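> So that you can map any letter, position 149 of the sequence shown is 1021 in the working numbering, and since no number is skipped, the others follow by simple counting.
Ideal placement from N, C-alpha and C gives every residue a C-beta, glycine not left out.
All of these numbers come straight from a predicted model, not from anything done at the bench.
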Amino acid sequence: MKVLILDTVHPSLISGLRELGFEVDEDYKSSAPQLRAILPKYTGLVIRSRLPVDAELLSRATDLKFIGRVGAGLENIDLETAHRMGIQTLNAPEGNRNAVAEHALGMLLMLFNNLRRADAEVRRGIWKREANRGLELEGKTLGIIGYGQMGSAFAEKLRAFDMKIMAHDKYKKGFGSEKVRESSLEELQAHCDIISLHLPQTEETLHYVDEEFIRRLKKPFYLVNTARGKVVQTKALVQGLQSGKVLGACLDVLEYEKSSFENLFEREIPGDLQYLLQSDKVILSPHIAGWSQESNEKMARVIVRKVAALNLI
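1. I want to know whether the segment 1000 to 1015 touches the segment 1030 to 1042 - three or more CB-CB distances under 8 angstroms.
2. Quick check: what's the CA-CA separation for N948 versus S884?
3. Assign L1148 to one of three DSSP states: helix, strand, or coil.
4. Label E1127 either buried or exposed according to how many other C-beta atoms from any shown protein chain fall within 10 Å of its C-beta, with 16 as the threshold for buried.
5. Less than 8 angstroms separating the beta-carbons of G1162 and V1125?
6. Just curious, the beta strand (DSSP E) that D897 is in, first and last residue?
7. Hey, R908 and R932 are a contact pair by Cβ (cut 8 angstroms); roughly how many whole angstroms apart?
8. Where does M1022 fall in DSSP's three states?
9. Measure the alpha-carbon distance for F1085 versus T1077 and round it to whole angstroms.
10. Would the segment 917 to 935 count as touching the segment 965 to 976 if we require 3 or more Cβ pairs under 8 angstroms?
11. May I ask whether a heavy atom of the ligand MG can be found less than 7 angstroms away from the beta carbon of R1173?
12. Just to check my reading of the structure: L936 and I1175 have Cβ atoms closer than 8 angstroms, yes? What is that Cβ distance to the nearest angstrom?
13. Is it true that the segment 1055 to 1066 meets the segment 1101 to 1112, where meeting means three or more beta-carbon pairs spaced less than 8 angstroms apart?
14. To the nearest angstrom, how far is the alpha carbon of Q960 from that of I877?
15. Which residues share a DSSP beta bridge with K1153?
16. In whole angstroms, what is the alpha-carbon distance linking D1144 and H1079?
17. Given that a residue counts as buried once 16 or more other Cβ atoms are within 10 Å of its Cβ, and exposed if not, what is P965?
18. Terminal residues of the continuous beta strand (DSSP E) containing H1040?
19. Indicate whether K1029 and L1069 have their beta-carbon atoms separated by less than 8 angstroms.
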């Protein structure tokens, strides 16, 4: 049985698949039309985000048994077609949950302590202490929306900060604990100082945070998004920042980034993005929350373990 790998991955994934008995081919350059011609001979496909695995591509994958995504989200796979064809779709959120949680916490601490601005000022010889007086996380109420691998990992990191943690997940129940209060969305919007998003990108979550969502928050709040860029409507976020309803934002992902996650865009910079780029109230990073040195190997090993569980060989 043969597996085709379309994106660069940690070497342990390749060696792990070979140890399971698979023949592994690597192809990091072929276009979708070129791949259609060779897909019939493969049992497995391993991807990150270079190409969408759409219905047309899958229609040529007549012997495909699994697709392994070295990451958390599966939005670049036509899941309906894959499932109809009996193809297993495997992802690896267990492998980068810790990296995402640490990154989100780092961004939040950076925002609360004015570290972006203070660092830039000191490098220019400017020494402002009072103007850069920070805020403490202790005593704040943080709401987590989406309590899967990423949301629960973030909650674990926050336990040491003596915060009140609330969590809402439309599709999960009974996950509350002594440290995390299971809550409705309305309860989060009524009480939270900080909202952190941990949602997949689906039709349901497109522009989840929009003008109406922001309006329903009872008090000014901070927003953290390490999930997917299109979950937040940039226009609404900018309006919230301008009005003071949104006090600040930590954004590892942006609505404008390409679906491959490799580039931001190839067009003129939109006005709303210009505002985010220039604002001291916003911390930005290039979709790297889950990209630690450690998570690279962890995700590879998760995919190997899940492929092994399919018992194909």
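Concretely, from the data shown:
1. yes
2. 24 angstroms
3. helix
4. Answer is buried; the Cβ neighbour count reaches 16.
5. Against a cut-off of 8 angstroms, the Cβ pair of V1125 and G1162 comes out as no contact.
6. Per DSSP, D897 is one residue of the beta strand (DSSP E) stretching across 895 to 898.
7. About 4 angstroms separates the beta carbon of R908 from that of R932, a gap short enough to meet the 8 angstroms contact definition.
8. helix
9. 12 angstroms
10. Too few Cβ pairs lie closer than 8 angstroms, so no.
11. This structure simply doesn't include the ligand MG, nor any ligand for that matter.
12. Not confirmed; about 15 angstroms, so no contact.
13. no
14. 16 angstroms
15. Paired residues: none, contrary to the question.
16. 15 angstroms
17. Answer is buried; the Cβ neighbour count reaches 16.
18. 1036 to 1040
19. No. Outside cutoff.
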